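S.K.: Dropping the structure in here first, questions after.
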Amino acid sequence: EAGVTQFPSHSVIEKGQTVTLRCDPISGHDNLYWYRRVMGKEIKFLLHFVKESKQDESGMPNNRFLAERTGGTYSTLKVQPAELEDSGVYFCASSQGGRNNEQFFGPGTRLTVL
Amino acid sequence: GEDVEQSLFLSVREGDSSVINCTYTDSSSTYLYWYKQEPGAGLQLLTYIFSNMDMKQDQRLTVLLNKKDKHLSLRIADTQTGDSAIYFCAERPPRLGQNFVFGPGTRLSVLP
């Protein structure tokens, strides 16, 4: 069974440019999460989808970040325009739901904004 | 405090035991977790402990939970070079629903 995949693995862009990150969850997982780890600090929650709906987007830092999950399958996270402080590793996770609701993480996308 | 706290670095010699400590924030967190991130890989759930337990052992891993002090530790016996990774402590407070609060990660270096 394929795990959570993310694309690209690395992205280097200039300040002011736009970048779109993609996450493909494990097939059949309704829950999809985005997290990011900035500058070697703690991993922070960004948002949570249940199918195509945003269940919780309280962690989104500002309106330069837009997440979508059309059709309830893969998700994209767009940063527009990117700023220097957006550099970090963006993780996606998915889960099936249930009492323990284990989240399976992707390898992350390392974003560098110059 | 409001943050999950961990020491950032730990170095041990191969064959020794490693102990990674964590202080979490919410005493009502039902589960506490340890995740491992190897270089270039995603986060892998290593183990978790239910909050009504004091200890959980799984092969070389021992998790100790002190609920009173909100202290969690992960002990790795007979540490191997393959254990070199970043270890994240995480909790999932009921107030946040499904969402995790992670610590900053402890980078474990295993020296030959």
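Chains A and B, in that order, are what the protein sequence lines are.
Following my numbering, the numbering of the first sequence begins with 1 at its first residue and continues without gaps.
Following my numbering, the numbering of the second sequence begins with 1001 at its first residue and continues without gaps.
Where a beta carbon is used, it is the ideal one built from N, C-alpha and C, also for glycine.
Here the structure is a predicted model, which is why all the values come from computation and not from measurement.
(1) So if DSSP puts Tyr90 of chain A in a beta bridge, which residue, or which two residues, is it bridged to?
(2) With a cut-off of 9 Å, does the C-beta of Asp56 of chain A fall near any C-beta of chain B?
(3) Helix, strand or coil: how does DSSP classify Arg1013 of chain B here?
(4) Considering just the uninterrupted stretch of the beta strand (DSSP E) at Val1110 of chain B, what are its terminal residues?
(5) Helix, strand or coil for Glu85 of chain A? Go by DSSP, reduced to three states.
(6) From the DSSP output, which residues share a beta bridge with Lys51 of chain A?
(7) Please go through the same chain and pick out, in chain order, the residues whose beta-carbon is closer than 6 Å to the beta-carbon of Arg1013 of chain B, but skip the five residues on each side of it.
(8) Measure from the C-beta of Gly1103 of chain B to each C-beta in chain A and report whether the shortest distance is under 9 Å.
(9) Have a look at B:Leu1032, B:Ser1051, B:Leu1043, B:Arg1060 and flag the residue whose alpha-carbon is nearest the alpha-carbon of Ser1017 of chain B.
(10) If you measure from the beta carbon of Lys41 of chain A to each beta carbon in chain B, is any gap under 9 Å?
(11) Output, in chain order, the set of chain A residues within a Cβ distance shorter than 7 Å of Ala1041 of chain B.
(12) Applying the 10 Å Cβ sphere with the 16-neighbour rule, what's the burial state of Pro25 of chain A?
(13) Whose C-beta lies closer than 8 Å to the C-beta of Lys15 of chain A among residues of the same chain, with five residues either side of it excluded?
(14) Here's the rule I'm using: 16 or more other beta-carbon atoms within 10 Å means buried, otherwise exposed. How should Phe1009 of chain B be labelled?
(15) Assuming contact is defined by CB atoms lying nearer than 9 Å, are Ser75 of chain A and Trp34 of chain A in contact in what I supplied?
(16) Beta-carbon separation of Cys1089 of chain B and Leu1074 of chain B under 9 Å?
(17) Might you give, ordered along the chain, the residues of its own chain that have their beta carbon closer than 6 Å to the beta carbon of Glu52 of chain A, omitting 5 neighbours on each side?
(18) Indicate the three-state DSSP secondary structure (helix, strand or coil) for Lys1083 of chain B in the structure shown.
(19) Can you tell me where the beta strand (DSSP E) holding Arg1060 of chain B begins and where it ends?
(20) Do the region 43-62 of chain A and the region 1093-1107 of chain B touch if we need at least three Cβ pairs shorter than 8 Å?
(21) Could you give the distance in angstroms between the alpha-carbon of Leu1043 of chain B and the alpha-carbon of Gly108 of chain A?
(22) To which residues of the same chain is Ser1007 of chain B closer than 7 Å at the C-beta, ignoring the five residues directly before and after it?
(23) Closer than 9 Å, CB to CB, is Gly88 of chain A near chain B or not?
(24) Is it buried or exposed for Thr1081 of chain B, if we count other Cβ within 10 angstroms and need 16 for buried?
M.R.: Looking at the atomic coordinates:
(1) According to DSSP, residue pairing for Tyr90 of chain A in a beta bridge involves A:Arg36, A:Thr109.
(2) By this cut-off, Asp56 of chain A is an interface position.
(3) Reduced to three states, the DSSP call for Arg1013 of chain B is strand.
(4) DSSP places Val1110 of chain B inside the beta strand (DSSP E), whose first and last residues are 1106-1111.
(5) It is helical.
(6) As far as DSSP is concerned, Lys51 of chain A takes part in no beta bridge.
(7) Once the five neighbours on either side are set aside, the close Cβ partners of Arg1013 of chain B are Leu1111.
(8) Chain A contact via Cβ: present.
(9) If you compare the alpha carbons of B:Leu1032, B:Ser1051, B:Leu1043, B:Arg1060 with that of Ser1017 of chain B, the shortest gap goes to B:Arg1060.
(10) Yes, its Cβ sits closer than 9 Å to a Cβ of chain B.
(11) Residues of chain A passing the Cβ test: Pro107.
(12) Buried: at least 16 other Cβ atoms inside 10 Å.
(13) These residues qualify, in order along the chain: Pro81, Ala82, Glu83, Leu84, Val113, Leu114.
(14) Flag for Phe1009 of chain B reads exposed.
(15) In contact: Ser75 of chain A and Trp34 of chain A (Cβ atoms closer than 9 Å).
(16) Yes, they are a contact pair.
(17) Result list for Glu52 of chain A: Arg69, Gly72, in chain order.
(18) First, the amino acid is wrong: residue 1083 of chain B is Asp here, not Lys. Assignment of Asp1083 of chain B by DSSP, reduced to helix, strand and coil, places it in the helix class.
(19) First-last for Arg1060 of chain B: undefined, no H or E at that position.
(20) They touch, by the three-pair rule.
(21) Rounded to whole angstroms, the separation of the alpha carbons of Gly108 of chain A and Leu1043 of chain B is 9 Å.
(22) Counting only Cβ-Cβ distances below 7 Å, and skipping sequence neighbours, we find Asn1021, Thr1106.
(23) Answer no: the Cβ-Cβ gap between Gly88 of chain A and chain B never drops below 9 Å.
(24) By the Cβ-count criterion, Thr1081 of chain B is exposed, with fewer than 16 other Cβ atoms from all chains shown falling within 10 Å of its own Cβ.
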